[in-house]
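One structure below.
2 protein chains.
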Amino acid sequence: MDNLLKTFKSLSDKNRMRIVKMLQVRPLCVCEMTVVLGLSMSTVSAHLSLLKSAGLIESFKDGRWIYYNLVKNPTSQEIASLLPLLSYWLNDDEIVKNDFERLKTVDRETSMSCC
Amino acid sequence: MDNLLKTFKSLSDKNRMRIVKMLQVRPLCVCEMTVVLGLSMSTVSAHLSLLKSAGLIESFKDGRWIYYNLVKNPTSQEIASLLPLLSYWLNDDEIVKNDFERLKTVDRETSMSCC
DNA sequence: ATTTCATTTCGTTATTTGACGAAATATAAA
DNA sequence: TTTATATTTCGTCAAATAACGAAATGAAAT
Numbered sequence: 001m002d003n004l005l006k007t008f009k010s011l012s013d014k015n016r017m018r019i020v021k022m023l024q025v026r027p028l029c030v031c032e033m034t035v036v037l038g039l040s041m042s043t044v045s046a047h048l049s050l051l052k053s054a055g056l057i058e059s060f061k062d063g064r065w066i067y068y069n070l071v072k073n074p075t076s077q078e079i080a081s082l083l084p085l086l087s088y089w090l091n092d093d094e095i096v097k098n099d100f101e102r103l104k105t106v107d108r109e110t111s112m113s114c115c
Numbered sequence: 116m117d118n119l120l121k122t123f124k125s126l127s128d129k130n131r132m133r134i135v136k137m138l139q140v141r142p143l144c145v146c147e148m149t150v151v152l153g154l155s156m157s158t159v160s161a162h163l164s165l166l167k168s169a170g171l172i173e174s175f176k177d178g179r180w181i182y183y184n185l186v187k188n189p190t191s192q193e194i195a196s197l198l199p200l201l202s203y204w205l206n207d208d209e210i211v212k213n214d215f216e217r218l219k220t221v222d223r224e225t226s227m228s229c230c
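Residue numbers (this note's numbering), protein chains in the order written: chain A, 1 to 115; chain B, 116 to 230.
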């Protein structure tokens, strides 16, 4: 039960939910998320480590950056069921829509570099 | 987004999850849950009011008692999707199995009365 | 090897949360 | 109407959580 509770807990914070929704768009590095969320890097990093430990996201390295994305192979049936549901949910939410818009302007690799 | 966060938050506490799982068996009054959970009535009452405010459970009166059960008509698509999943999950969990067993012995209306 | 810079870890602080018992409320029985 | 009892509300306290800046870490570039 602890694993499932951890998963729900990781999804019950507004900023972590925004992170999950943003990662449905594309993999992101910490600095990009920092810009969209308006939080400090240490705070975003803590949220990411919590989501990772809950089994919802994973990371890979690209040069000096660490990119995060939603897990490709969930470690539990619960997460495998929740992730698809989460992509249907909240797409009409104003904050989420705004994050999606801002994500377009915050791309480290192209135009507006954030870090 | 706040409603969904509230739903997830209500599901990220061990005792509230045990309550949800117990209510999958049958409607229960506060005193019955108190016995199984080993918590004070005020604590159980607080958990119930949180689950109710999240839209997961509802209540009805029967004499001097107030019975709680899972909502028949969820107020959101999210809850409508989550409730069926929750009945598949955690049925092999030791704590949940133990609660199920104890529920059989704690029936206010028959044999062992708890309150 | 040193510098640079993205990220994580650490220490601190304010807020939220879960627990309790006591008091208040409500409702059925006497 | 008074009594009995199930439930909720209130006040309190300890523990968990989310935020920050500063310092530490790690990996690529010079």
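Positions of the beta carbon are idealized from the N, C-alpha and C atoms, including for glycine.
Since we're looking at a predicted model, the values are computed, not measured.
Exercise for the section: Please report how far the alpha carbon of B/Ser164 lies from the alpha carbon of A/Val25, in whole angstroms. Expected result: Within the second sequence, numbered from 1, the residue matching residue 164 of chain B stands at position 49. Within the first sequence, numbered from 1, the residue matching residue 25 of chain A stands at position 25. The alpha-carbon atoms of B/Ser164 and A/Val25 are separated by roughly 36 Å.
Problem - Per DSSP, cross-strand counterpart(s) of B/Phe175 - result: Within the second sequence, numbered from 1, the residue matching residue 175 of chain B stands at position 60. Partner residues in the beta bridge of B/Phe175, as assigned by DSSP, are B/Tyr182.
Practice task
Name, going along the chain, the residues of the region 117-132 of chain B whose beta-carbon falls closer than 7 Å to a beta-carbon of chain A.
Solution key: Listed by position along the chain: Leu119, Leu120, Phe123, Lys124, Leu126, Ser127, Lys129, Met132.
Exercise for the section: Using a Cβ-Cβ cut-off of less than 7 Å, list which residues of the region 63-95 of chain A approach chain B; keep chain order. Expected result: Legend: CB atoms of the region 63-95 of chain A lying less than 7 Å from CB atoms of chain B belong to residues Glu78, Ser81, Leu85, Trp89, Leu90, Asp93, Ile95.
Handout entry: Opening and closing residue of the alpha helix (DSSP H) in which B/Gln192 lies
Key = Along the second sequence, one-based indexing puts residue 192 of chain B at 77. Its alpha helix (DSSP H) spans residues 192-203.
Practice task
Select from B/Lys219, B/Ile210, B/Ser168 the residue whose C-alpha is nearest the C-alpha of B/Met132.
Solution key: Taking the first residue of the second sequence as position 1, residue 132 of chain B is located at position 17. Nearest C-alpha to B/Met132: B/Ile210.
Practice task
Starting from the C-beta of A/Asp99, find all residues in its chain whose C-beta is less than 6 Å away, skip the five residues before and the five after it, and write them out in chain order.
Solution key: For the purposes of this step, residue 99 of chain A is taken as residue 99 along the first sequence, with counting starting at 1. The answer, listed in chain order, is Arg18, Met22, Val36.
Handout entry: B/Val186 beta carbon less than 8 Å from that of B/Leu171
Key = Here residue 171 of chain B is taken as the residue at index 56 of the second sequence, counted from 1. Here residue 186 of chain B is taken as the residue at index 71 of the second sequence, counted from 1. Taking 8 Å as the Cβ cut-off, B/Leu171 and B/Val186 qualify as a contacting pair.
Exercise for the section: Tell me whether the beta-carbon of A/Leu39 lies closer than 8 Å to the beta-carbon of B/Ser196. Expected result: Residue 39 of chain A sits at position 39 when you count from the first residue of the first sequence. Residue 196 of chain B sits at position 81 when you count from the first residue of the second sequence. Not in contact: A/Leu39 and B/Ser196 (Cβ atoms no closer than 8 Å).
Handout entry: Beta-ladder partner(s) of B/Cys144, from DSSP
Key = As a first step, residue 144 of chain B is located in the second sequence; it is residue number 29 there, counting from the start. In the DSSP assignment, B/Cys144 is bridged to B/Tyr182.
Practice task
Using only alpha-carbon positions, find the residue among B/Thr149, B/Ser168, B/Gly178, B/Leu143 that is nearest to B/Pro189.
Solution key: By one-based count along the second sequence, residue 189 of chain B stands at place 74. Answer by Cα proximity: B/Ser168.
Problem - heavy atom of the ligand COA below 7 Å from B/Tyr203 C-beta - result: In terms of ligand content, the structure shown is empty, and the ligand COA therefore cannot be addressed.
Practice task
Give the secondary structure of B/Met132 by DSSP, where H, G and I count as helix, E and B as strand, and everything else as coil.
Solution key: Here residue 132 of chain B is taken as the residue at index 17 of the second sequence, counted from 1. Helix, per DSSP.
Handout entry: Local Cβ density within 10 Å of B/Phe123, reported as buried at 16 or more and exposed below that
Key = Locating residue 123 of chain B in the second sequence gives position 8, counting from the first residue. Buried, since its Cβ has 16 or more Cβ neighbours within 10 Å.
Exercise for the section: May I ask which residues mark the beginning and end of the alpha helix (DSSP H) holding B/Met116? Expected result: Sequence index remark: in the second sequence, residue 116 of chain B carries index 1 (1-based). No alpha helix (DSSP H) holds B/Met116; DSSP gives it neither H nor E.
Exercise for the section: Within the same chain, show all residues whose beta-carbon is closer than 6 Å to that of B/Asn184, passing over the 5 residues directly before and after it, in chain order. Expected result: Your numbering for residue 184 of chain B matches position 69 in the second sequence. So the qualifying residues of the chain are Leu138, Pro142.
Handout entry: Top-ranked residue by Cα proximity to A/Asn15, from A/Asp62, A/Tyr67, A/Thr34, A/Lys104
Key = As a first step, residue 15 of chain A must be located in the first sequence, where it is residue number 15. Closest by alpha carbon: A/Thr34.
Practice task
May I ask which residues mark the beginning and end of the alpha helix (DSSP H) holding B/Ala169?
Solution key: In the second sequence, residue 169 of chain B corresponds to position 54, counting from 1. Following the DSSP letters along the chain, one finds B/Ala169 in no alpha helix (DSSP H), marked with neither H nor E.
Exercise for the section: Can you tell me which of the three DSSP states A/Lys104 falls into? Expected result: As a working mapping, residue 104 of chain A is identified with position 104 in the first sequence. A/Lys104: helix per DSSP, three-state reduction.
Practice task
Would you please state the rounded distance, in angstroms, between the beta carbons of A/Leu5 and B/Ser127? I believe it to be under 8 Å.
Solution key: Reading the first sequence from its first residue, position 5 is the one you call residue 5 of chain A. Reading the second sequence from its first residue, position 12 is the one you call residue 127 of chain B. Approximately 6 Å separates the beta-carbon atoms of A/Leu5 and B/Ser127; this is inside 8 Å, confirming the contact.
Handout entry: Option in A/Asn91, A/Met1, A/Val30, A/Val20 with minimal Cα separation from A/Phe60
Key = Here residue 60 of chain A corresponds to residue number 60 of the first sequence, with the count starting at 1. For A/Phe60, the nearest C-alpha among the options comes from A/Val30.
Practice task
Pull up the CB-CB distance for A/Leu90 and B/Met116, whole angstroms please, since I reckon it's below 8 Å.
Solution key: In the first sequence, residue 90 of chain A corresponds to position 90, counting from 1. In the second sequence, residue 116 of chain B corresponds to position 1, counting from 1. The C-beta distance from A/Leu90 to B/Met116 rounds to 6 Å, short enough to meet the 8 Å contact threshold.
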